[in-house]
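J.: The structure's right below; bear with me while I get my questions together.
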Amino acid sequence: MPYIKQEIRDQFNNGLITLPSNEGEMNYVITDLLDDYLSAYGLNYANVNALVGVLECAKLELYRRIAAPYEDEKIQENGDVYTNNMRQ
Numbered sequence: 001m002p003y004i005k006q007e008i009r010d011q012f013n014n015g016l017i018t019l020p021s022n023e024g025e026m027n028y029v030i031t032d033l034l035d036d037y038l039s040a041y042g043l044n045y046a047n048v049n050a051l052v053g054v055l056e057c058a059k060l061e062l063y064r065r066i067a068a069p070y071e072d073e074k075i076q077e078n079g080d081v082y083t084n085n086m087r088q
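Printed below as a string of structure tokens:
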């Protein structure tokens, strides 16, 4: 969850820190952006649904473009854990 120390939140909010240095800070920055969006455009089903969709698409794109190729490299380096019978 995005429950980082208030001092760190304030530094993000005042632009003193712009790049998160860990997962908690990244979660805070994303959550703060989502909260700002809902504050500006309203808390309703359509907006919540849209944000969930945006997050899901961002997650899938990160996996497709970054994680999957990385995993493919590691398969080549270290060998596959799946047997040939599992592949179609």
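Here the sequence shown stands for residues 1 to 88, where the numbers follow this note's numbering. C-beta: ideal position from N, C-alpha, C; glycine also.
(1) Cα-Cα, which of D36, L38, Y37 and Q11 is closest to E25?
(2) Would you mind sorting Y28 into buried or exposed? The rule is 16 or more other CB atoms within 10 Å of its CB.
(3) Could you check whether L51 and L34 sit closer than 8 angstroms to each other, using their CB atoms as the reference points?
(4) If distances are taken between C-alpha atoms only, which option among E7, V54 and A46 comes closest to I30?
(5) If you check the beta carbons only, do N49 and L38 fall under 8 angstroms apart?
(6) Comparing alpha-carbon positions, which option in D32, P2 and E73 lies nearest N14?
T.: Put simply:
(1) Looking up residue 25 in the sequence shown gives position 25. Residue Q11 is the option with its Cα nearest to E25.
(2) The residue labelled residue 28 in the question sits at position 28 within the sequence shown. That one is buried.
(3) As a first step, residue 34 is located in the sequence shown; it is residue number 34 there, counting from the start. As a first step, residue 51 is located in the sequence shown; it is residue number 51 there, counting from the start. Cβ atoms of L34 and L51: closer than 8 angstroms.
(4) Here residue 30 refers to the residue found at position 30 of the sequence shown. Checking every option, the nearest Cα to that of I30 belongs to V54.
(5) The residue labelled residue 49 in the question sits at position 49 within the sequence shown. The residue labelled residue 38 in the question sits at position 38 within the sequence shown. No, they are not a contact pair.
(6) Along the sequence shown, read from residue 1 onward, the residue named residue 14 stands at position 14. Among D32, P2 and E73, the Cα nearest to that of N14 is on D32.
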